[in-house]
Amino acid sequence: MQKLVEGVHRFQAGEFGRYRDLFRKLAREGQKPHTLFITCSDSRVLAELITQSQPGDLFVVKNVGNIVPPAQVVGSTNSTAAAIEFAVEVLRVSDLVVCGHSQCGAMEALLHPSRRTGSMPHLEEWLRVAEPVRQIIQTEYQHLAHEAERSTAAAEENVLFALENLHSYPSVQQRLAEGSLYLHGWFFKIATAELFAYDPGMRQFTPL
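Just so you know, we're using numbering that gives the first Met the number 0 here: the sequence shown kicks off at 0 and counts up by one.
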């Protein structure tokens, strides 16, 4: 906690000066982010850092495994839906990015249910939403012998699963039909900070 407190003091004494006018404008005019950015809670994945975005640019949702449940899933397992609806309907973002990443602990847990102890019921329920991803890896990626490769494949398939589920939200459907919203699937490689974007034509992730 001391590190956080010291960081707050450094920001207020130094960095804030560079952003004073911007924060005043944001306070006066409200937020108008251009992108809803859904990514993992992993502490190594920082949307604003890897995109070099300014305050007010991104509406960021972080959850375990950057999972996007279908719109039909309600209750505690789909608080992400509230952010999607607010960003798409109220903030009127023009782009929606789902960004997975390498070495994702959530995907590793998803692929190995037998290793989970059952002491984390909320996590169990959350990962159950992404069960279709595990099934895809089991049936279509049997040729991958190494666990790291299977984990990467799961992280990428999970991004595609999220994009598919986004189409189940009425507000997203409407904006897509209007041509005023665009969906993007990204993958972040932690070790090299490389970003890859899914190319529907090539059906693979290619360097951004």
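From the three backbone atoms N, C-alpha and C, an ideal C-beta is built for every residue, glycine too.
Among residues of its own chain, excluding the 5 on either side of residue i, which ones have a beta-carbon nearer than 6 angstroms to its beta-carbon?
i: A46; result: F36, T38, L57, V59
i: V158; result: V97, G99, G184
i: A154; result: G99, C103, M106
i: L122; result: none
Which of the three DSSP states, helix, strand or coil, is assigned to residue i?
i: Q51; result: coil
i: G29; result: coil
i: V63; result: helix
i: G99; result: strand
i: L45; result: coil
i: L122; result: helix
i: Q71; result: coil
i: D86; result: Inspection of the sequence shows that residue 86 is occupied by Ala rather than by Asp. Residue state, collapsed to three classes: helix.
i: Q141; result: coil
i: G117; result: coil
i: A154; result: helix
i: Y168; result: coil
i: V7; result: helix
According to the neighbour-count rule (16 or more other Cβ atoms, all chains shown, within 10 Å of its Cβ), is residue i buried or exposed?
i: L95; result: buried
i: A70; result: buried
i: M106; result: buried
i: D20; result: exposed
i: E146; result: exposed
i: S29; result: The question names Ser, but residue 29 in the sequence shown is Gly. Per the 10 Å Cβ criterion, exposed.
i: E177; result: exposed
i: E207; result: According to the sequence provided, residue 207 is Leu. The question's Glu does not apply to it. Exposed: under 16 other Cβ atoms inside 10 Å.
i: I66; result: buried
i: R174; result: buried
Per DSSP, which one or two residues make a beta bridge with residue i?
i: D198; result: Q203
i: Y181; result: D94
i: F187; result: H100, L194
i: I37; result: V60, V97
Whole angstroms is fine: what's the gap from residue i's alpha carbon to residue j's?
i: A80; j: P120; result: 20 angstroms
i: H8; j: R114; result: 42 angstroms
i: H166; j: V128; result: 16 angstroms
i: H100; j: F187; result: 4 angstroms
i: A82; j: E88; result: 10 angstroms
i: E124; j: K61; result: 17 angstroms
i: P199; j: L162; result: 12 angstroms
i: L48; j: E14; result: 15 angstroms
i: R23; j: A86; result: 22 angstroms
i: H142; j: I136; result: 10 angstroms
i: P112; j: P68; result: 19 angstroms
i: P196; j: T50; result: One point to set straight first is that residue 196 is Ala, not Pro, in the sequence displayed. Computed Cα separation, rounded: 13 angstroms.
i: V63; j: E156; result: 15 angstroms
i: V132; j: F160; result: 7 angstroms
i: T205; j: Q1; result: 41 angstroms
i: A108; j: D41; result: 14 angstroms
Can you give me the Cβ contacts of residue i inside the same chain, cut-off strictly under 7 angstroms, excluding the 5 residues immediately before and after it?
i: Y140; result: R149, A152
i: L110; result: R133, I136, R149, S150, A153
Excluding the 5 residues flanking residue i on each side, which residues of the same chain have their C-beta closer than 8 angstroms to its C-beta?
i: K31; result: G55, L90
i: L25; result: P54, G55
i: Y168; result: A70, A80, I83, E84, V87
i: Q203; result: Y197
Can we count residue i as close to the ligand HEM, meaning its CB is less than 6 angstroms from some heavy atom?
i: E123; result: By its list of ligands, the structure shown contains no ligand whatsoever, and the ligand HEM lies outside what it can speak to.
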